[in-house]
Amino acid sequence: MFSHRWRFSWDRYSEVDLFTDRYEASAETLSQAIRAAASEEPDADGSVLFGHLQGTVVGLRYYTGVVNQGEMVGLVRQPQNPYDRNAVMVANIYGNQVGHIKRELAAAMAYIMDNNLAKVEGVVHTGTKNKFTMPVMLAFWGKEENRNVVIEHMARRGYKVNTGGSTTAGAHYASYKSQGACALPTKKGSTVPLTAEELKNAFDNLFEDLMESKDGEKEAATSVGTPLLPHQKQALSWMCAQENKSALPPFWEKRGELYYNSLTCFSAKEVPDRVRGGILADDMGLGKTLTTIALILTNFHKGKPLPVEKCEEQSTSLKAKSKSQMTLTKLKGSSSAGHGAEGVAAPCSDLPQVELICADSPDIIGITDKSEKSTSKGKMKAVKRKPSQKGPVLLEDLDFAAALGGSASDTGIKKKKTTKTTSSTMSVDSSIPESADDLSATATLIISPLSVLSNWLEQFEQHVRADVKLKVYLYYGSERNRSKTFLSSQDVVITTYNVLSADSGNKSPLHGINWLRVVLDEGHIIRNPNAQMSKAVLDLKAQRRWILSGTPIQNSVKDLWMLLAFLRLKPFDVREWWNRVIQRPVTQRDRAGLKNLQTLVKCITLRRTKSSEVNGRPVVSLPEKMVCVEQVELSQSEREEYELARNEGRNTIGRYVAEGTVLRNYADVLAILMRLRQHCCHPDLLAKISSDLGAAATPAQLREHLIEKLRLVLASGSDEECSVCLDSIHLPVITHCAHVYCRPCIAQVISTAQETARCPLCRSEIKTNELVEFPQEEMEKENHTNSEKWRTSSKVQALMGNLLRLRCEDSSIKCLVVSQFTRFLTILETPLREHGFSFVRLDGTMSQKRRTQVIQEFQSSAPNSPVIMLLSLKAGGVGLNLTAASHVFLMDPAWNPATEEQCIDRCHRLGQKRKVFVTKFIVKDSVEENMVKIQKQKQDLLEKAFGSTNTDRKASRIDDIKALMEL
DNA sequence: ACCGCCGGGTGCC
DNA sequence: ACCGCCGGGTGCC
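The first sequence begins at 34 in the numbering used here and counts up by one.
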C-alpha cells in the first residue's frame, strides 16, 4: 500500500543509509512519505478486531531501527522486494526499518494486506532482545464482513488467529488493552472505561484553560506599532518559546544516550524533531492576528527581530526611489538597480510606507512593492542592503545558514551555503541560484479564509509601525506573481486556502518554498484530511507551523489529527500511530488514551477565553455591556390579529399534542409559531400562504405544499436544527412527511437503511427521489417583497423611537439592528430612509466581496459613513468585527440565546471603546415572552444533546412547543 | 555408513 | 543464533 512511495535500495548498506536519512537530498523523510501515504488510511472507526497472532520479525541485524518493550511497529507490504514479492517490512514508529516478517507468515499476510481484507498492526512486547529475530504480536483489524475470510485464509496457511472467543465491544476494548502500547504508568482504576458523559465533558474541555505555566511576557519588537496587552505579550512569549525551544516534544524524555517516547515506547538515538509552533486557540477578539504579526516581527531568527528598514535609513543608505517603488516593502538593491534611474526622492514622512494596490478584484487590496513585482527573476540578484555592515553581516549569515540547516528534515538547505534570501544579509549575485528551487526560509506564509483576508491586510497596516517597510504580498487573484524568488523574498505572503489548493500539484510556487513559518488562520477549517485543501496544506514545507483557531475542535477526536499532522507532531503525523495511540483508545473510552490526548493538546496549545485572567486580572477589560429588554405593546388592531392567530394555532397544536402527533406535524407547528413571531414584528412578514395545507390532490400540488412548508421552516430564523446532525440545516430538503433535514444527512440515512428508510422524526417511509428542495427561483423571489403600501408596526415604532433619540444625543453613535427575518430588515429600510439615516445592510445572501465592502463602510469613522447596520442574525457567523457600533437592537428573540450572544459579541469585543447597550424588543404577552422563558432550558437541552437519545430530544421539543403555546 | 553423531560455518526478505 | 540448517568429517564402547 505505501511501498510504491518508498525508494528502496536493495543493497544492504545503502539501505541503512536510506533509513537513517543521511543522504536524502530532498527534505522528504521516510516518515513524511509514510505520513503522506497513510493519510489516505481509513479511520480506525469502523474496524473490528478479528484476533491476534504471534509472529516473528527476522533480519534485525541488517537494520538500524530499534524497538522497545511494548512498542508498536508498522507493517508495510513490499511487493517490489526482489527476494520475495510477499515481503512485509517492519518499521518502528519513527519510520526506521526494523526487519521483515518471516517469509511463510509474510506469504499468508500479503494476500490479506494487498486485498485490504484487514489492517495488520504489530506490537513488540519483548523489545529487541536478541540481535536476529524477535516475536511480534499481530492484531488483525477489519470490516466485520471480512472476518471469516481473514481467519480462514490464515488458518489454511497454518496460522491460527486467536479470536479470544467473544466479539462484543467489551472484548475489543479488552483486546486493545492486551495488545496496546505500553501506556504511561496507569493509576489504579484507570482501566474502567469512561462513560459517554465523561468522555463528552472531557472532550468539551479539552481546549479549556490551556494557559497554566505559560506565563512570562515578552515585549514585541519595536516595529510593532500597537502596544500589546498583557495576555498578548504572554502569547508572544509562549509562541517565541515554542519556535526557539530546544525542549523535546510531548512524551519524549532523555534516557541516558537515547531519546524515549513514553507513549509509544519508542526510543531513538537522534533528537526527535521538535514541533516548532503550535495552536493558538484564543477566543476570538483576544487578538490572535496582532499576536501573530508581533511574532513575525519579533522572532525572526534566534529570538532576534525581523530585520526591517526604517524609512530614514533607507533614504540615506539606498538610492532614491519613486514613491510607488517604495511602497510598503523593504527595498533591495535589485530594485534600486533596476529602477533607480527613474527614481524620485523617497518620501520620508510618517506616511505609511504601505501601498494598497488592486490585485484582481477591486475589493481585494494587495500590498506589494511594484518594483519587485515588475522585476524579473534575473534582476533580483544584486541584493545589497546596509552595505556598511557587510563584514559582520556575512558572519551572521553563515551562522544563520547553519541554523537553518540544523533541523534534520531541512536537508535541502545544507546543500549549499544559502545567503540569498536572508534579508538581513544580502550578499552577491552568485549566491542566488538561477534555478531557484532551493529557496530557504525567511518568509512567513499566512493562509486564511477569503473572508478574513482583508482583515489581515488591515491589521498589518494598522499594527506595523508606519515608518517600517514590511514586505507583505497578497498572493491572490489571477495576476498573482508566481515567481518563487519573488515570493520567498517577501517578509509575509498571504493567501487563501482555495488558492493554495488550486495551486498545489503542478509546480506550485507555494509548495516549492521552504517557509520560515506557515500560519493557518481559522485552522479548524482543514479538519477533513481527505480534502484537497488539507492535503495542500500538509504538503507545505516550513520550519515553524502555527494554527490559529478560536474553535479547534468541532466535533470529534478525528478533527485533531489534521492539526497534529500539520504541526508534524511526531509520531502522530502518521495516521496509523494517531489511530492506534490516540483515536481508537479515546473512542473506546480508554482513560489512559484520553489522558494522553489531553497532555498532547496541552503541550502545543495556548488558549484563553474572554474570562481568562493574566496576573489576576481579566485578559480583556471590555467596556461595560448593558442589556435591557424593552417591552413592546401591540396596538389594538395588531393585538386582535395576534390573538386570532394564536387561538387558532393553539387549537391546532393542542390537538396534535393530544393525539401525540406533534412531531408528525412538526412543519405545521413551526409554521404556526413562526406566524406568531412574525405577527410580533410586522404584519407584512406573514407569508401569503394557501389557507389549506391539507391533503394534496396531485403530485404537483403536494410538491407546492412541501415547498411552502420548507419556506416556512427556513424563514423561521435558521436556528431550526437538522435532527440528524443536530447542526443548523445545510442544503435543506423536506421529506414527504414534511420534515426538514440537510440533504447530505438524510441522504446518508436513506443509503444506510437496510430496506426501507424511515424518517428519523416520525418513522414514515422516505425515499431519496421524494426529497423536495427549495427551487432556486423561489429563493430569489423571496427577497423581493412587493408591499406597495408600507405600513408601520409597534416594534418598528419602538425601534425608530430609540434611533431618533440616540441621534439627538450623539450623532456619532452607530447601531446594529438585528433580526432573524431578512424581510423585516427590508421593511425597516423604509422608515430609516424616511428619517435620513445612512445605513448599510448585511445578510446571508450577499457575496463575500460585498460583505467586506459593507463592513468596511460601516466600520469607517468618516463623517458620512453609515450609522446603522441592518444585520441578519444568521449572517457572517463568528469573526465579524463590528466594533464601530455601540448599540445593538435585537428585534426578535432567537431560539438559541447563544446566537444572540454571538451577535452582540460582534461589537462587544476587543477594540470596542464605548459602553455597549443592547436592547431586546419583546412583545408583551406573546410567544416572544415564552421564547425568552425557555431560552435557558433550550440552552441546557443543547448541552445535553450529545449524550441524550433521540427520544429525549423529541420529548424536549414537544415540551418546548407546549411551553411556547402555554399548553 | 544408502546411517547417526559431532562440531564448524552460517544466517531476512 | 544459548537456535536450526547445511555439509564435511567421521565411525564400538
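For every residue, glycine included, the Cβ atom is placed at its ideal position computed from N, Cα and C.
When you compare only the Cα positions, how much space is there between L630 and W611?
C-alpha separation (whole angstroms): 10 Å.
Starting from L581, trace the beta strand (DSSP E) both ways and give me its first and last residue.
Residues 574-581.
Secondary structure at N547, three-state DSSP: helix, strand or coil?
N547 falls in the strand class under three-state DSSP.
Only counting the same chain, and skipping five residues up and downstream in sequence, which positions put a Cβ closer than 6 Å to that of L483?
Within the same chain, L483 has close Cβ partners T529, Q881.
Would you please state the rounded distance, in angstroms, between the beta carbons of V775 and V757? I believe it to be under 8 Å.
Per the sequence shown, the amino acid found at residue 775 is Cys instead of Val. The pair is a contact, with the Cβ atoms about 7 Å apart (cut-off 8 Å).
Give the DSSP-derived three-state secondary structure of A786 in the structure shown.
In the structure shown, A786 sits in coil (DSSP, three-state: anything other than H, G, I, E or B).
How big is the Cα-Cα spacing for N561 and M595?
Using only the alpha carbons, I get a separation of about 7 Å.
Tell me the rounded alpha-carbon separation between Q495 and W489.
Q495 and W489: Cα-Cα distance of roughly 10 Å.
Along the chain, where does the alpha helix (DSSP H) containing S521 start, and where does it finish?
Unbroken alpha helix (DSSP H) run through S521: 517-521.
For K948, I'd like the list of residues in its chain whose CB is within less than 8 Å of its CB, leaving aside the five on either flank, ordered along the chain.
Excluding sequence neighbours, K948 sits near P656, E657, K658, M659, S919.
Looking at the unbroken alpha helix (DSSP H) that takes in F891, where does it start and where does it end?
Taken as a continuous stretch (DSSP letters only), the alpha helix (DSSP H) holding F891 covers 881-892.
Looking at the structure shown, is A415 part of a helix, part of a strand, or coil, going by DSSP?
Bear in mind that a pLDDT of 32 at A415, under 50, signals an unreliable position, so the model cannot answer this.
Report the rounded CA-to-CA distance for G311 versus I580, giving the unit in angstroms.
So the two alpha carbons sit approximately 6 Å from each other.
I'd like to confirm the pairing. Which residues does DSSP put opposite C792 in its beta bridges?
According to DSSP, which records beta bridges pairwise, C792 is partnered with nothing at all.
Would you mind stating whether P305 and K504 have Cβ atoms separated by less than 7 Å?
In this structure, K504 does not lie closer than 7 Å to P305 by Cβ.
Between the alpha carbons of I134 and V123, how many angstroms are there, rounded?
If you take the alpha carbons of I134 and V123, they lie about 7 Å apart.
What's the gap between the Cα of N179 and the Cα of F173?
Looking at the two C-alpha atoms, the distance is approximately 11 Å.
In whole angstroms, give me the CA-to-CA distance for L507 and I184.
Those two C-alpha atoms are separated by around 57 Å.
Quick test of your reading: L906 and V851, contact by CB under 8 Å. State the CB separation rounded to the nearest angstrom.
Sure, about 6 Å apart at Cβ, within 8 Å.
For the alpha helix (DSSP H) that contains H264, what are its first and last residues?
263-277 is the extent of the alpha helix (DSSP H) around H264.
Beta-carbon within less than 6 Å of L794's beta-carbon, same chain only, minus the 5 sequence neighbours each way: which residues are those?
Closer than 6 Å at Cβ, skipping near neighbours: L696, S756, H772.
Taking the runs of the alpha helix (DSSP H) that are 4 residues or longer, which of them lie wholly in the stretch 585-631?
Segments of the alpha helix (DSSP H) lying fully in the stretch 585-631: 591-600, 617-620.
Excluding sequence positions up to five away, which residues of its chain have a Cβ less than 7 Å from the Cβ of S827?
Excluding positions up to five away in sequence, the list reads V665, E666, L667, S668, E671.
Given this structure, state the Cα-to-Cα distance separating E252 from L261, to the nearest angstrom.
For E252 and L261, the distance between alpha carbons rounds to 8 Å.
Kindly confirm or deny that the stretch 83-93 and the stretch 154-171 touch, where touching means at least three C-beta pairs closer than 8 Å.
Yes, the stretch 83-93 touches the stretch 154-171.
Do the stretch 866-883 and the stretch 923-931 touch if we need at least three Cβ pairs shorter than 8 Å?
Judged by Cβ distances under 8 Å, the stretch 866-883 makes no contact with the stretch 923-931, as fewer than three pairs qualify.
Have a look at G103 and L627 and give me their C-alpha separation to the nearest angstrom.
About 19 Å.
Taking 7 Å as the limit between beta carbons, can you name the residues of its chain near G132, skipping five residues before and five after?
So the qualifying residues of the chain are V90, V91, G92, L93, Y96, V123.
Buried or exposed: which applies to W823, given that a residue is buried once 16 or more other Cβ atoms fall within 10 Å of its Cβ?
Exposed, since its Cβ has fewer than 16 Cβ neighbours within 10 Å.
Can you tell me whether S894 is buried or exposed, with buried defined as 16 or more other CB within 10 angstroms of its CB?
Classification of S894: exposed, given that the 10 Å Cβ count is below 16.
With 16 other CB atoms within 10 Å as the buried threshold, where does S532 fall?
Looking at the sequence itself, residue 532 is Val, so the reference to Ser does not match. Classification of V532: buried, given that the 10 Å Cβ count is 16 or more.
Compare the Cα-Cα distances from F284 to each of K574, T632, N195, K152 and report the closest residue.
Taking only the C-alpha atoms, the option nearest F284 is T632.
When DSSP builds the beta bridges, which residues end up paired with V746?
Its beta-bridge partners do not exist; DSSP assigns none.
Does DSSP classify Q130 as helix, strand or coil?
Strand.
Can you have a look at C661 and say buried or exposed, based on whether 16 or more other CB atoms are within 10 angstroms of its CB?
Classification of C661: exposed, given that the 10 Å Cβ count is below 16.
Quick check on DSSP: helix, strand or coil for M998?
Coil at M998, not helix or strand.
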